[in-house]
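What follows is a set of notes on a single structure, which appears directly below.
Number of protein chains: 2
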Amino acid sequence: MVALPLMSGMPTIVDMPLPEHPRMSDVAARAGVSLSTVSRALRGASGVAPAVRAEVERAAAELGYVVSRGASSLVTGVTGRIAVLVPFLQPWFFGVALAGVSTRLRASGQDMLVYQVGDVDELDAYVRSLPLRSNVDAVIAVALDLGDTAVARLDEIGLPVVFCGRRVPGRACVFTDDTAAAAGATRHLLNLGHRRVAYVCSRDQTGFSWSSRDRLRGYEAAMAEAGAEAVVVTEPPGHQGGALAMARLLSMAEPPTAVFAESDDVAMGVLQVARRSGIDVPGDVSVMGFDDNDVAALLDLTTVAQPVTEMGERAAELAVRAVRAAGPVRDHVHLDTRLVVRQSTAVPRSRREGPAGGTEQRG
Amino acid sequence: MVALPLMSGMPTIVDMPLPEHPRMSDVAARAGVSLSTVSRALRGASGVAPAVRAEVERAAAELGYVVSRGASSLVTGVTGRIAVLVPFLQPWFFGVALAGVSTRLRASGQDMLVYQVGDVDELDAYVRSLPLRSNVDAVIAVALDLGDTAVARLDEIGLPVVFCGRRVPGRACVFTDDTAAAAGATRHLLNLGHRRVAYVCSRDQTGFSWSSRDRLRGYEAAMAEAGAEAVVVTEPPGHQGGALAMARLLSMAEPPTAVFAESDDVAMGVLQVARRSGIDVPGDVSVMGFDDNDVAALLDLTTVAQPVTEMGERAAELAVRAVRAAGPVRDHVHLDTRLVVRQSTAVPRSRREGPAGGTEQRG
DNA sequence: CTGTTAGCGCGTTCAA
DNA sequence: TTGAACGCGCTAACAG
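From first to last, the protein sequence lines stand for chains A and B.
Under the numbering used here, the first sequence has 19 at position 19, and the numbering climbs by one with no breaks.
Under the numbering used here, the second sequence has 86 at position 86, and the numbering climbs by one with no breaks.
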C-alpha cells in the first residue's frame, strides 16, 4: 500500500467501513485501479503488472471480496457448475461416485449440482426445465438411461453430456465391461468345479437395467462356453429380492452349488437366507456378488470390484474438458474390473469329498 | 393464437425459426407484448390480464423458453440454490439425508449444491470463497461442526445456516437426542439382565465427534443409574474399529455379555469378530448398534433408528423458510429416535440358565 | 499494460 | 393493466 501524508482525524482508506457485500468497484477503489484491471487480475488473465496484481489481490482479500459467479456467467456464459443426475442417492454406489465427481470438480473450482431423478417423469421434468443456458455447463448422468429425446434436447441446447457407468456409442462415457466381468466371475465358479451355477438378477417395474442385462449376458455366455445349463432367477432388486431368489433356489429338485448374484446387495439377501437355513457358505453353496461395496468385505463375500470413485473422477474430468473445449467430447474411458476372491466361494463339496481337485482360477 | 389473413408464401409467425437460446424478448415478440409483461406473467406476478398471461405462457412453451436464473438472480439476489455441506459422501447416512433434502427442494424448485468438506481446511476454503452473495441462498450443514468463525462469516454475509443432525442453541437445526437414545439403548440391555455392558466408541485424528460424545454420555448415565460399571473401548471409526474393539473386549478377564456400539458400522465389526471367533450372538453376547442403516436389518442387528430422511427434509424446509423470510430462522426441530429390537440382543446366558427371568423392556 | 465503453438477460421502478 | 427506461455486477471489446 502507498503511504500518503494524512491530516489527522481525516478518515483514511484503512478506516473506511468495509462494505457488507463488496463488489468489484470497491476493490478497484481500494487498489486504486480500474474495474477491468481488477477483473483481469482476479481472473488470472495475462497482461497485468505483477505489482498491480498483487495490490488488487490484497485489496480483495482485505475486503473479503469474491467474484460473483452469477454476474460473470451472465457475460461469459460459463456458470462454473456441473449437474450430476442420479436415479437414487442412498445406495452405496452413488455416494462413492459422487465423491469421485466432487473431488475432481473441486480441483478445478467447479460446483456440483445434484439431481435425483428417480423416475422417467422426473428426468423429463429436469431435462425440460433446467438446463437452459446459464444454469450449468455440463451434465453427468450416473448409471442412468437418459432417453433419446432427453439427449436430443441437451444437444440442442449445446450442453455436453457425460455418461458414467454406461457405454454409449458416440458419446463421452466412463464404463466397465459388465458382460466380460460377469463372464469372468462365472468362470471363477466353473473353474472351482461348480456345474450348477445359478444367476440371480433383479428387475423392477421399469424392467431390467442395462447393467443387469449385460451381466446376465456374460453369465450366459460363460455357462454356454462350459456346456453348463444356465439357471436364472429374477426377483425385485435389493436384498429382499436376493432372499426371495435364494428361497426359490433352495426349493429346486437339484439346488445349485453356487449362486452368482447380480450385485452385492442381492448377494446379501442370498447369504441371509442361507444363514437362516443353516446352509454353510461356502461349504454347501458358494456365493458371489458384484460391486465390492463396503459390506462385501465385512461379510467375506467374493465379488467383482468396480473402480467407482475413479469412474466418478473420470466422468468429471470429461465434463470439465468438454466445458473447456466449448464443444462435445466423445472419449470412451474403459475401466477395468477386478475379481476379489474372499471366503464365500470354494470348491464344491462333491469335489472336495471325491478325488482331490485343484482350484484353478482365470481372470 | 389470433388468426390473421396472410399472403401465401409470406413467412408467418409460426414459420419463424425458433431461436436456439430463446430469451425473454423472443417470447415478448411472439406473444406481441412487452418484456415486462412477459416477466410478470412468467413469474406469476399479479396485474396481468388472464388472456395475456395465457398467451405469454403459450409463446414461452412453444419456444421452449425457460427464465435464466443467472440473469434474474442478478436482479433479485435470489439464486434458487441451496448448498449442502457434508463431511463425507459415501456413508449411508449422508446419502439418505441428501435424498431428504433433495426431495424437499425439488418441491419448491430449488437446486441442491453439494460440497464435500472432509477436513477443516476444506471447510474453511469453502466458507471463505463460495457463499458470497449470488451463489447460494442458504447453507445446510449435515452432521458437521462449522466452527465459530465460519458461522460468523456466514452471518456477516447474511446467509442463513441450518444445522442438520446437531442441536445448536440459537440456530436453526434439526436433530435427535443422542444422549437420551443411547441411554435408552443401554437400558434395554440392562433390562434384559446384562450387567457387564461395554460401549464401543470411535475417534479419529480430529477427536470424538459430538454425536459420539453425546451417545457416550447417555451410556454412562444409564450405567450409573443402574449401578453398573461402565466399560468404554475407543478405536478408530468404521467396522475396522469395531473389530479391534471387540478383539480387545474378548481378551478381558471378564468379557462383557453385551456390547453397545456407537454406530451400526462399528457394530458390524463387532459382529464380524464374534462370528469368526465362534461366539454366538446373542447367545454368548448381545450386540446393539445405532443408526438402523440398511445392513442392520440384514444382519438382524438391534439398533436405534433415526429418521434420517425426515431430518434432511426438515432441514431443507427450514432453509427454504429462511430464504423466503429473507432473514434468519431459529427453529429447533427435535425428532424422535426409535429402538428397533431384532435378534442380536437377548437375555444373557447366566440368566437363562439360572432361574427363569422375564425380559422386561423400557423405552 | 491500463482505462473506457457497451452490453450479458432480466426485474423493477416509473409513467402512461 | 401495460410499456419504457434503468441498473443488478461483471467481462469483452476497444482505445489509449
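C-beta atoms are modelled at their ideal positions from N, C-alpha and C, and glycine is treated no differently.
Every value quoted in this text rests on a predicted model; they were computed, and no experiment measured them.
Coil, strand or helix - residue i by DSSP
{"i": "A/T302", "result": "strand"}
{"i": "A/Y65", "result": "coil"}
{"i": "A/P348", "result": "coil"}
{"i": "A/I279", "result": "coil"}
{"i": "A/M223", "result": "helix"}
{"i": "A/H21", "result": "coil"}
{"i": "B/T79", "result": "coil"}
{"i": "B/M288", "result": "strand"}
{"i": "A/F94", "result": "helix"}
{"i": "B/R383", "result": "Look at the range of chain B in this structure, 1 to 363, and you will see that residue 383 of chain B is not part of it."}
{"i": "B/E235", "result": "strand"}
{"i": "B/M112", "result": "strand"}
{"i": "A/A230", "result": "coil"}
{"i": "B/A356", "result": "Low confidence applies to B/A356: its pLDDT is 45, below 50, so where it sits in the model is not reliable, and the reading given next is rough at best. Here B/A356 sits in coil by DSSP."}
{"i": "B/V323", "result": "helix"}
{"i": "A/V273", "result": "helix"}
{"i": "B/D204", "result": "strand"}
{"i": "A/T176", "result": "strand"}
{"i": "B/L318", "result": "helix"}
{"i": "B/A49", "result": "coil"}
Contacting residues, own chain, Cβ-Cβ under 8 Å from residue i (five flanking each side not counted)
{"i": "A/A3", "result": "In this prediction, A/A3 scores a pLDDT of 32, lower than 50, which makes its location untrustworthy; the coordinate-derived value is nonetheless stated afterwards. Here the set comprises nothing."}
{"i": "A/R23", "result": "Y65 and S68"}
8 Å Cβ cutoff met for residue i and residue j
{"i": "B/S73", "j": "A/G70", "result": "yes"}
{"i": "A/A28", "j": "A/V38", "result": "yes"}
{"i": "B/A274", "j": "B/D292", "result": "no"}
{"i": "A/V340", "j": "A/T302", "result": "yes"}
{"i": "A/G158", "j": "A/A183", "result": "no"}
{"i": "A/M268", "j": "A/G242", "result": "yes"}
{"i": "B/D370", "j": "B/S344", "result": "With chain B running from 1 to 363 in the structure shown, residue 370 of chain B is simply not present."}
{"i": "A/S212", "j": "A/S202", "result": "yes"}
{"i": "B/A316", "j": "B/G100", "result": "yes"}
{"i": "A/R314", "j": "A/V333", "result": "yes"}
{"i": "B/F93", "j": "B/G118", "result": "no"}
{"i": "B/A258", "j": "B/V308", "result": "no"}
{"i": "A/G312", "j": "A/A83", "result": "no"}
{"i": "A/L190", "j": "A/A138", "result": "no"}
{"i": "A/L318", "j": "A/S277", "result": "no"}
{"i": "A/P348", "j": "A/H188", "result": "no"}
{"i": "B/L298", "j": "A/Q90", "result": "no"}
{"i": "B/P236", "j": "B/D204", "result": "yes"}
{"i": "A/L146", "j": "A/L123", "result": "yes"}
{"i": "B/D121", "j": "B/L63", "result": "no"}
Outcome for residue i when other beta-carbon atoms lying within 10 angstroms are tallied against a minimum of 16
{"i": "A/P50", "result": "exposed"}
{"i": "B/E254", "result": "exposed"}
{"i": "B/T76", "result": "exposed"}
{"i": "A/L85", "result": "buried"}
{"i": "A/A356", "result": "Only weak support is given to the placement of A/A356: the predicted model assigns it a pLDDT of 46, under 50, and the value that follows is read from those uncertain coordinates. With fewer than 16 Cβ atoms within 10 Å of its Cβ, A/A356 is classed as exposed."}
{"i": "B/G95", "result": "buried"}
{"i": "B/S263", "result": "buried"}
{"i": "B/T149", "result": "exposed"}
{"i": "B/M252", "result": "exposed"}
{"i": "B/L244", "result": "buried"}
{"i": "B/L35", "result": "exposed"}
Contact set for residue i: own chain, Cβ-Cβ below 7 Å, skip 5 residues either direction
{"i": "B/A346", "result": "L192, P282 and S286"}
Contact set for residue i: own chain, Cβ-Cβ below 6 Å, skip 5 residues either direction
{"i": "A/D265", "result": "G238 and H239"}
{"i": "A/Y199", "result": "Y219, V232 and F260"}
{"i": "A/R248", "result": "V233"}
{"i": "A/A41", "result": "V48, R53 and V56"}
{"i": "A/C164", "result": "I140, V142, V174, M311 and A315"}
{"i": "A/A221", "result": "A183"}
{"i": "B/R153", "result": "V127"}
{"i": "B/R338", "result": "A305"}
For residue j and residue i, believed in contact at Cβ under 8 Å, the rounded distance
{"i": "B/V114", "j": "A/V142", "result": "In fact, because the Cβ distance is near 13 Å, the residues do not count as touching under 8 Å."}
{"i": "A/Q116", "j": "B/S102", "result": "5 Å"}
{"i": "A/A322", "j": "A/V162", "result": "7 Å"}
{"i": "A/A172", "j": "A/D331", "result": "5 Å"}
{"i": "B/D155", "j": "B/R215", "result": "Not confirmed; about 30 Å, so no contact."}
{"i": "A/M288", "j": "A/A185", "result": "6 Å"}
{"i": "B/A61", "j": "B/R30", "result": "About 10 Å separates the two Cβ atoms, so there is no contact after all."}
{"i": "A/Q110", "j": "A/V320", "result": "7 Å"}
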